[in-house]
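Below you'll find the structure, written out as structure tokens, and then a few comments.
In this note's numbering, the protein residues as written are 9 to 194.
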């Protein structure tokens, strides 16, 4: 409610009578009794707790606990026999997994491991996208370099694409020959 509003202005919401035919038997809960799970009497639980605390030296503070007594509370044989569930995964191999010879040869190079585990189609796609990005941004990068040269007052030479290798070269992976950008003297 907002300040200044009266609670009488709101309609009372009551869900006690809604869907009464659907919930008619929900009020009666039958407790199931399990003969094997008879609850222990409270005094038996209290005696067990007291015996445990007494076995640790009479108190549960870390400084006062008898460490040797704590060590004597070790695992014992189970009170009932357990069977291993052997048929749960029938197709599971009992062999121990080990790296293949091919993978062991590549283990020294993180790059080769990357290419081993990545699907070939993925890294071919990454290479294509990298080359496409390089094509799209080459002119913008060249203009930025040129503007920095102008601000510094350095000698400015036009930038043109060349097949000669005396300039800054960019080699694209497996898709095209090396592209070189050289500064011409004009």
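All C-beta atoms in this analysis are idealised placements derived from N, C-alpha and C, irrespective of residue type, glycine included.
Check                                                                                 : Outcome
Contact check, residue 65 vs residue 72, beta carbons under 8 Å                       : yes
Inter-residue CB distance, residue 126 and residue 120 (contact presumed, cutoff 8 Å) : That belief does not hold up - the Cβ atoms of residue 126 and residue 120 are roughly 11 Å apart, past 8 Å.
Where residue 83 sits in the DSSP three-state scheme                                  : coil
Under the three-state DSSP convention, the category residue 153 falls into            : helix
Rounded separation between residue 110 and residue 132 - CA only                      : 21 Å
Beta-carbon spacing of residue 61, residue 68 below 8 Å                               : yes
is_contact[residue 83, chain B] using C-beta, thresh 8 Å                              : Structure shown: chain B not included; a single protein chain is present.
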